[in-house]
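Residue numbers (the working numbering): 16 to 582. All C-beta atoms, glycine included, are put in the ideal place defined by N, C-alpha and C. In this text the structure is predicted, and so the values were computed from the model without any measurement. Data first, discussion second: the structure below is written as structure tokens.
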Ligand SMILES: Cc1cc2nc3c(=O)[nH]c(=O)nc-3n(C[C@H](O)[C@H](O)[C@H](O)COP(=O)(O)OP(=O)(O)OC[C@H]3O[C@@H](n4cnc5c(N)ncnc54)[C@H](O)[C@@H]3O)c2cc1C
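Here is the structure:
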């Protein structure tokens, strides 16, 4: 691919979503920056044009630089030199090119040197970078940690750190420890305030930290001595120039070789508190992880696209039994489902990103002035929607990335098992997406409350009232029946009043909700652009209807006695 943006017309379609008008209005505060910055947009059209141009530049860099470097980076990987990380040579070239193009600190306000981009077009950039090289995608996308520093840091911290990130300083989020993975409440890295030094000192070990030798770290640490739960944790900013953190090792991994995964040793590392004490996990890391989960959803969609591209290209070329293999129903079945999962997952990703954009922009405005009652309501509504859709977007897309990568190899036959084809790298790279930033099981833990409190069902019923094109009406009526099955299954499980049973079927319920929501989004997309989405709307609905039926039957047949067989 020469340009990872212009050659995927679905991206421009999502950029041009009607909600962007409101997003731009809020993000640009009625376009007031135009007085101060000559590159700030004059109006909505101008803003959209600038997003489109930046996406085109990103698409070109991914096509011309990042994708051609991907195999070399995968083979070389990063180097561990004297307690530091040295990137693979291709990674260095990628990073230099992105920084030179001004693609860092993209979402930050212009006064700090950012582009004031909404999350939605920024997420599109993250998707296309990951489609070219998911490992490099991590290093570049971790710039979005700055969102959390912007939200919870003070003015002095803003002025010292945000401009650095806009100029290309890299970031990492240091949460995981050997005994604290999914359960971050168990974090024990110690933070002690030193009166003598006039700062906090961090001591302990973090493991599996992506880009662990970055310039600026956000660190979760235990600041309250004697505590053992999440309420004793605070968030700190560690600036590498202070010293005190060494990279003990870089992990050898199955995939994303370009992304250094580090074990870090903190020895009296000088750090500063970000926000208030004790809110580290409860508030700040939750916000940080929600952003990062959207990032992994984008990485997953990029991988879904890459897997599809490779599978499609091979299927069009490879001949067996006297014809190209794409003409075999078994092969075009796989390809059409891959494309449908890609389109459905992408629709969910950008719907979530738009919700995030609206509530975050309003949250930011609330720091400048009091919101009107209508704005406060809007903020609450979109914040709730964003929170409920984020685990679905991360959970479903990461599973689809794995499934598409698997099918891409299948389409390649024996060649897919050889290291000569890109599909093997995509397969290895995709595997981590359903593990980090919270495993799929932990996304389910986050999502299940929105099943039981009726949020997903309310969202689905609201979508049902949205008109679709006449061609999509038959699908809409089938979709309503799917939602009825989801509702009946939820009611049955709730009526059983058994927490273990609920936990056991939680993933199935989450998938039923996600399938209904993604079908609705695809139906709406196909109503606006049948040439791009009608096929996927049909294919995905057929697929999702069978999935919902399967889960419904499973849940229907399950009771306490049946559950005992699983233990
Ligand atoms: C390549 C890579 C990069 C990473 N990058 C970072 C990073 O930048 N920063 C960072 O802080 N961390 C990072 N991590 C850590 C990552 O987020 C954790 O590995 C992940 O959250 C899972 O934790 P764990 O490995 O301890 O697994 P565990 O928590 O031990 O989980 C093991 C299994 O148990 C299941 N499980 C655990 N708890 C529950 C539950 N309550 N309900 C249901 N099932 C459960 C899990 O789903 C999983 O299947 C990275 C990891 C890897 C491999």
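In this structure, DSSP gives residue 227 a state outside helix and strand, which the three-state scheme calls coil. In this model, residue 195 and residue 445 are separated by some 23 Å (Cα to Cα).
Across the structure, residue 130 and residue 328 are spaced so that their CA atoms are roughly 36 Å apart. Beta-bridge pairing by DSSP links residue 219 to 281. If you draw a straight line from the Cα of residue 517 to the Cα of residue 508, it comes to about 6 Å. Judged by beta-carbon spacing, residue 448 lies within the 7 Å limit of residue 311, meaning their Cβ atoms are closer than that value. For the beta strand (DSSP E) assignment, the segment 516-577 encloses no uninterrupted run of at least 3 residues. Of the residues assessed, residue 428 falls on the exposed side of the cut-off, its CB having fewer than 16 other CB atoms within 10 angstroms. The beta carbon of residue 74 sits closer than 7 Å to the beta carbons of 18, 19, 20, 21 and 143 from its chain, once the five residues preceding and following it are set aside; these are given in chain order. Residue 279 and residue 221 have their C-alpha atoms some 5 Å from each other. 162 is the residue among 481, 61 and 162 whose C-alpha sits nearest the C-alpha of residue 378.
Around the beta carbon of residue 440, 16 or more other beta carbons lie within 10 angstroms, which makes this residue buried.
Sorting 521, 56 and 113 by C-alpha distance to the C-alpha of residue 504 places 521 at the top.
Residue side-chain check: residue 306 keeps its Cβ at 6 Å or more from all non-hydrogen atoms of ligand 1. For residue 474, the distance from the CB to the nearest heavy atom of ligand 1 is not below 6 Å. With a cutoff of 7 Å on beta-carbon distance, residue 203 and residue 256 are scored as not near each other.
Listed in chain order, the non-local C-beta contacts of residue 355 below 7 Å within the same chain comprise 551, 554, 555 and 558, local neighbours out to five positions each way being set aside. Judged by DSSP secondary structure, residue 43 falls outside any alpha helix (DSSP H); it is assigned neither H nor E.
Taking C-beta atoms as the reference points, residue 365 and residue 398 fail to come closer than 7 Å.
Within the model, the alpha-carbon separation for residue 213 versus residue 288 is close to 12 Å. In this structure, the C-beta of residue 190 approaches ligand 1 to less than 6 Å from one of its heavy atoms. Distance check between residue 250 and each of 228, 59 and 199 places 199 closest, using alpha-carbon atoms only. Nearest Cα to residue 513 within the set 344, 357, 573 and 434: 573. In the three-state scheme derived from DSSP, where H, G and I count as helix and E and B as strand, residue 211 is classed as coil.
The nearest non-hydrogen atom of ligand 1 is 6 Å or more from the C-beta of residue 201. In the same chain as residue 368, and ignoring 5 residues on each side of it, the C-beta atoms closer than 7 Å to its own belong to 134, 135, 138 and 309, in chain order. Taking C-beta atoms as the reference points, residue 524 and residue 460 fail to come closer than 7 Å. Using a cutoff of 6 Å, the CB of residue 451 counts as near ligand 1, since one of the ligand's heavy atoms is closer than that. Secondary structure of residue 276 (DSSP, three-state): strand. At least one heavy atom of ligand 1 is found less than 6 Å from the C-beta of residue 197.
The beta-carbon distance between residue 533 and residue 363, rounded to whole angstroms, is 5 Å. This is short enough to meet the 8 Å contact definition.
With three or more CB-CB distances shorter than 8 Å, the segment 178-188 counts as touching the segment 144-163.
With 16 or more neighbouring CB atoms inside 10 Å of its own CB, residue 417 falls in the buried class. Three or more Cβ pairs closer than 8 Å define a contact, and the segment 287-305 meets that threshold against the segment 166-176.
Of 197, 190, 275 and 266, the smallest CA-CA separation from residue 225 is found for 275. Distance from the C-beta of residue 467 to the nearest heavy atom of ligand 1 is not below 6 Å.
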